[in-house]
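Beneath this line is the structure, given in structure tokens, with notes to follow.
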Amino acid sequence: MQQKRIPLSKIVFVFLVVLGCQQEKKLPFLGPKEVGKQGDTLYHKIPDFKFLNQDSLWVSQKDMAGKIYVADFFFTTCPTICPTMKTQLLRIFDKFAEDDRVRILSHTIDPEYDGVRVLKDYAKKLNITSPRWNLVTGKKSDIYRLGEKSYMVTAQEDANEEGGFVHSGAFILVDQNRHVRGIYDGTKEEDVNHLIEDMTLLLKE
Amino acid sequence: MINKFAILGLMIIGISCESREEITRQQYVVEGMNLYQTNCANCHQVDGSGLKDLYPPLAKTDLWQRVKMSELACIIKHGQKDSIRVNGKPYNAYMPANPKLQALDIAELMTYMREKWSPNKTIFSLDSARYALKNCP
């Protein structure tokens, strides 16, 4: 058998390309973009918010400053996808247990039933602790507006749905500066694996 | 060659000797698995381990000694809201009813759950399911 020599320059070239690609792998910015006064791009941003968490404490954008977080929408009596979503969020919670730069923010879409006391009970049963994982409640219209306009998920009351609400099982990844960087299906384990990889990537930014 | 036929023959005899009930049981197990995965696994998990203190386990639990099979059929159909103790640990959450599940579905589900997690791996027959559901509290 004759051996073919690969020229060194080719190897170096391939190496550089691979290296270059790795450095360029960055998460996209999602949502509507605007052009700023200086002609720069203004990425979609989560606006200010203020909700009560399971410990009766206010949670706002200030608590998320400099953190990356995963947001989702659920309700405690949801019979269908929420339990799956919570199973997956618990994986994330455990995975980043030692990392204070990571938060989870779960909004109830049934605030009439899911008051602070119900959320506290739910949190206790799942071993969820604030501030790393806030379960929040508030005014229904505020939560729905934030969900649809800012996190780009559907959340609506619908008497025909099991449990009385329609909502997507999405997990939304938000970066240190309130930009949406990824949307994942929180009911699928593989999608959540992907989310965990992306979180690790985002923490390096 | 003869050997091969002999083996085949034995296999056919073996299969046909399997009782009718065992064949039905195996069908129930397969159907029951699908039903379990669509209706129950989100809360109780595919492996029946439950979810922390919120959803009780169905595997490795005293359920199979504590609860009568007829009661189990009723829990599945009508849900449950009481406080219960599972392996000595209290649970008091809410399990939704499953109005869409018919007697056959419940027979299949329970046969599957028995096969996976109960020491008693027998069929839960359609008749038993019908009877249990008629007499739910």
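In order, the protein sequence lines correspond to chains W and U.
Using our numbering, read the first sequence as starting at 305 and increasing by one per residue.
Using our numbering, read the second sequence as starting at 912 and increasing by one per residue.
Here a beta-carbon is modelled for each residue, glycine too, at the ideal position from N, C-alpha and C.
By the CB criterion at 8 Å, W/Val363 and W/Asn481 fall outside the cutoff.
Apart from the 5 residues on each side of it in sequence, W/Gly370 sits with its Cβ closer than 6 Å to the Cβ of Gln480 in its chain, given in chain order.
The Cβ-Cβ distance between U/Cys954 and U/Tyr966 falls below 8 Å. Within chain W, the residues Pro387, Lys390, Thr391, Leu394, Lys429 and Leu430 have their CB atoms less than 9 Å from the CB of U/Leu962, given in chain order. Looking from the CA of U/Glu942, the closest CA among U/Leu1012, U/Ala1043, U/Met1006 and U/Pro1030 belongs to U/Leu1012. Under the 8 Å criterion on CB atoms, W/Thr384 is classed as interfacial with respect to chain U.
Annotation for W/Thr380: no beta strand (DSSP E) segment contains it, and DSSP assigns it neither H nor E. From the beta-carbon of W/Thr441, no residue of chain U is found nearer than 8 Å; the closest lies around 18 Å away. Per DSSP, reduced to three states, the secondary structure at U/Gln991 is strand.
Contact of U/Leu965 with chain W is assigned, a C-beta pair being separated by under 8 Å. Cα atoms of U/Arg996 and W/Leu506: separation of roughly 43 Å, rounded to the nearest angstrom.
At a cut-off of 8 Å between C-beta atoms, U/Cys954 counts as an interface residue with respect to chain W. Taking a C-beta distance under 8 Å as the contact criterion, W/His483 and W/Phe353 do not qualify as a contact pair. The Cβ atoms of W/Thr412 and W/Asp418 sit closer than 8 Å to each other.
Annotation: Cβ neighbours of W/Thr381 in chain U (cutoff 7 Å, chain order): Tyr1005.
When secondary structure is reduced to three states using DSSP, U/Ala984 falls in the helix class. Closest in alpha carbon position to W/Ala401, among W/Ile476, W/Arg436 and W/Pro383, is W/Arg436. With contacts defined as CB atoms closer than 8 Å, W/Cys386 and W/Phe378 qualify as a contacting pair. Rounded to the nearest whole angstrom, the CA to CA distance from U/Met1021 to U/Pro1001 is 23 Å.
Of all alpha-carbon atoms in U/Asn945, U/Ala1004 and U/Leu974, the one lying nearest the alpha-carbon of U/Asp964 is that of U/Ala1004.
Within its own chain, the residues whose Cβ lies closer than 7 Å to the Cβ of U/Phe1035, once the five positions on either side in sequence are excluded, are Met980, Ala1018, Met1021, Thr1022 and Arg1025, listed in chain order. Exclusion of the five residues before and after W/Leu346 leaves Glu338 and Gly340 as the residues of its chain whose Cβ lies within less than 6 Å of its Cβ.
With fewer than 16 other Cβ atoms from the protein chains shown falling within 10 Å of its own Cβ, W/Lys329 counts as exposed.
In chain order, Val496 and Ile500 place their CB closer than 8 Å to the CB of W/Arg395, counting only its own chain and leaving out the 5 sequence neighbours on each side.
The three-state secondary structure of W/Val339, taken from DSSP, is strand.
For W/Leu499, the uninterrupted alpha helix (DSSP H) run begins and ends at Glu493 to Leu507, by DSSP. By the Cβ neighbour-count rule, U/Pro1010 is exposed, with fewer than 16 other Cβ atoms within 10 Å of its own. For U/Ser994, same chain residues with a beta-carbon under 8 Å away, outside a window of 5 residues either side, are Pro1001, Tyr1002 and Asn1003 in chain order.
Nearest in C-alpha terms to U/Ser1029, of all of U/Ser960, U/Ala970 and U/Val957, is U/Ala970. Secondary structure at W/Tyr455: coil, using DSSP grouped into helix, strand and coil. If you look at W/Ala474, you'll find it isn't in any alpha helix (DSSP H); it sits in the beta strand (DSSP E) that goes Ala474 to Val478.
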